[in-house]
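Participant: Structure incoming, see below.
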């Protein structure tokens, strides 16, 4: 059964069934607006990041977090956070750097020693984006193994990191006229097949500057999409499962 997770400014996270029927499951605990939510690849876990500078991991069928990363982990609130490398790692951006953490989630219950938390995480590496004050978004594939992490910053640049070598490999200055607020990779789907070269495509979008389609092999913008309303609010973008179409939100409350 498919579900939809939403992070809200009222400090909660809601999870709906795909039909959107009935009341959603409510996840509470953050002390600030929930800025980012992400499903694990196996759909058993949910990650939420908040303006309170914490990151929580929840069991999808539970109401108590299995792991909390506190404010001591973050320079600033996380703008992007996700599971990575087929759920082997946590990946999140805070300030001008992103962090990679290995983690273990323990779901065993011991009412006598409930105060003892066995879930834990360990920092594997920190990676700083070049010449930017803050990373505005990042993207990495979690549905299959990939070493590539894409980042965008307040300096309007895109930067590609190869975690196999542990460093930045290329920077694209002035990717948009405004800072990029979302990077969307063509990750494919278990329900459709695509040519292998299609997985090199990704989208970026910035307020007032439309959507650009990029090829990771050349890091050049190969197509630009405009014609929807996006003057003030960051509108989301997505590839279709087949990779042939893209969808975007719009300030006129339509989806294009």
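Numbering (full-length UniProt numbering), first residue to last: 1 to 256.
Beta carbons: idealized from backbone N, C-alpha and C, even for Gly.
Being a predicted model, the structure only gives us computed values, none of them experimental.
Just checking my contact of residue 207 with residue 137 at CB under 8 angstroms: how many whole Å lie between their CB atoms?
Facilitator: Here residue 207 is taken as the residue at index 207 of the chain shown, counted from 1. Here residue 137 is taken as the residue at index 137 of the chain shown, counted from 1. Between residue 137 and residue 207 the Cβ distance is about 13 angstroms, and since that is not below 8 angstroms, they are no contact.
Participant: On the CB-based measure, 16 or more other CB atoms within 10 Å of its CB, does residue 121 come out buried or exposed?
Facilitator: Within the chain shown, numbered from 1, the residue matching residue 121 stands at position 121. Buried.
Participant: Decide if the region 35-51 is in contact with the region 16-23; the criterion is three or more beta carbon pairs, one per stretch, under 8 angstroms apart.
Facilitator: At 8 angstroms Cβ cutoff, the stretches do not touch.
Participant: Nearest by alpha-carbon distance to residue 151: which of 97, 45, 196 is it?
Facilitator: The residue given as residue 151 occupies position 151 in the chain shown. Of the candidates 97, 45, 196, the one whose C-alpha sits nearest the C-alpha of residue 151 is 97.
Participant: Considering only the alpha carbon of each residue, which of 40, 14, 155 lies closest to residue 311?
Facilitator: Only positions 1 to 256 of the chain appear in the structure, and residue 311 is not among them; the question remains open.
Participant: Which parts of the region 66-152 are runs of the beta strand (DSSP E), unbroken and 3 residues or longer, counting only runs that do not cross its ends?
Facilitator: Listed in chain order, the complete beta strand (DSSP E) runs (minimum 3 residues) inside the region 66-152 are 67-69, 80-84, 89-94, 97-104, 120-128, 135-140.
Participant: Should residue 156 go down as buried or exposed, given a rule of 16 or more other Cβ atoms within 10 Å for buried?
Facilitator: Numbered from its first residue, the chain shown carries residue 156 at position 156. Buried: at least 16 other Cβ atoms inside 10 Å.
Participant: Buried or exposed: where does residue 108 fall if 16 or more other Cβ atoms within 10 Å of its Cβ makes it buried?
Facilitator: Start at 1 with the first residue of the chain shown, and residue 108 comes out as number 108. So residue 108 counts as exposed.
Participant: Could you check what DSSP says for residue 226 in three-state terms: helix, strand or coil?
Facilitator: Within the chain shown, numbered from 1, the residue matching residue 226 stands at position 226. The answer is coil: DSSP assigns residue 226 none of H, G, I, E or B.
Participant: Of the choices 253, 161, 243, 184, whose alpha-carbon is the least far from that of residue 229?
Facilitator: Position 229 of the chain shown, counting from 1, holds the residue named residue 229. Closest by alpha carbon: 253.
Participant: To the nearest angstrom, report how far apart residue 187 and residue 239 are at their CA atoms.
Facilitator: Position 187 of the chain shown, counted from the first residue, corresponds to residue 187. Position 239 of the chain shown, counted from the first residue, corresponds to residue 239. Those two C-alpha atoms are separated by around 8 angstroms.
Participant: Quick one: complete beta strand (DSSP E) runs, 3+ long, within the region 153-186?
Facilitator: Entirely contained in the region 153-186, the beta strand (DSSP E) runs reaching 3 residues are, in chain order, 158-162, 167-172, 182-185.
Participant: Quick one: give me the first and last residue of the beta strand (DSSP E) that residue 212 is part of.
Facilitator: To locate residue 212, count along the chain shown from 1; it is residue 212. That run of the beta strand (DSSP E) goes 211-215.
Participant: Look at the alpha carbon of residue 226 and the alpha carbon of residue 60, and state the distance between them as a whole number of angstroms.
Facilitator: Within the chain shown, the letter at position 226 stands for residue 226. Within the chain shown, the letter at position 60 stands for residue 60. Rounded to whole angstroms, residue 226 to residue 60 spans 37 angstroms at the Cα level.
Participant: Take residue 130 and list the residues in its own chain whose beta-carbon comes closer than 7 angstroms to its own, dropping the five residues that flank it on each side.
Facilitator: The residue given as residue 130 occupies position 130 in the chain shown. So the qualifying residues of the chain are 159, 168, 171.
Participant: Looking only at DSSP bridge pairs, what is residue 188 linked to?
Facilitator: The sequence position of residue 188 within the chain shown is 188, counting from 1. None, per the DSSP bridge assignment.
Participant: In the DSSP output, what is residue 312 paired with across the bridge?
Facilitator: Since the first and last residues shown for the chain are 1 and 256, residue 312 lies out of range.
Participant: Based on the DSSP output, what are the partners of residue 220 in its beta bridges?
Facilitator: Position 220 of the chain shown, counting from 1, holds the residue named residue 220. As a beta-bridge residue in DSSP terms, residue 220 pairs with 215.
Participant: Mind checking residue 255: buried by the 16 CB within 10 Å criterion, or exposed?
Facilitator: Taking the first residue of the chain shown as position 1, residue 255 is located at position 255. Residue 255 counts as exposed, since fewer than 16 other beta carbons sit within 10 angstroms of its beta carbon.
Participant: May I ask you to report which of helix, strand or coil DSSP gives residue 16?
Facilitator: Your numbering for residue 16 matches position 16 in the chain shown. Residue state, collapsed to three classes: strand.
Participant: Within 10 angstroms of its Cβ, does residue 2 collect 16 or more other Cβ (buried), or is it exposed?
Facilitator: Taking the first residue of the chain shown as 1, we reach residue 2 at position 2. Residue 2 is exposed by the Cβ-count criterion.
Participant: Taking a contact to mean a Cβ-Cβ separation below 8 angstroms, would you say residue 209 touches residue 177 in this structure?
Facilitator: The residue you call residue 209 lines up with position 209 of the chain shown. The residue you call residue 177 lines up with position 177 of the chain shown. Cβ atoms of residue 209 and residue 177: closer than 8 angstroms.
Participant: Straight-line CA distance for residue 212 to residue 205?
Facilitator: Within the chain shown, residue 212 is the residue found at index 212, counting from 1. Within the chain shown, residue 205 is the residue found at index 205, counting from 1. Those two C-alpha atoms are separated by around 6 angstroms.
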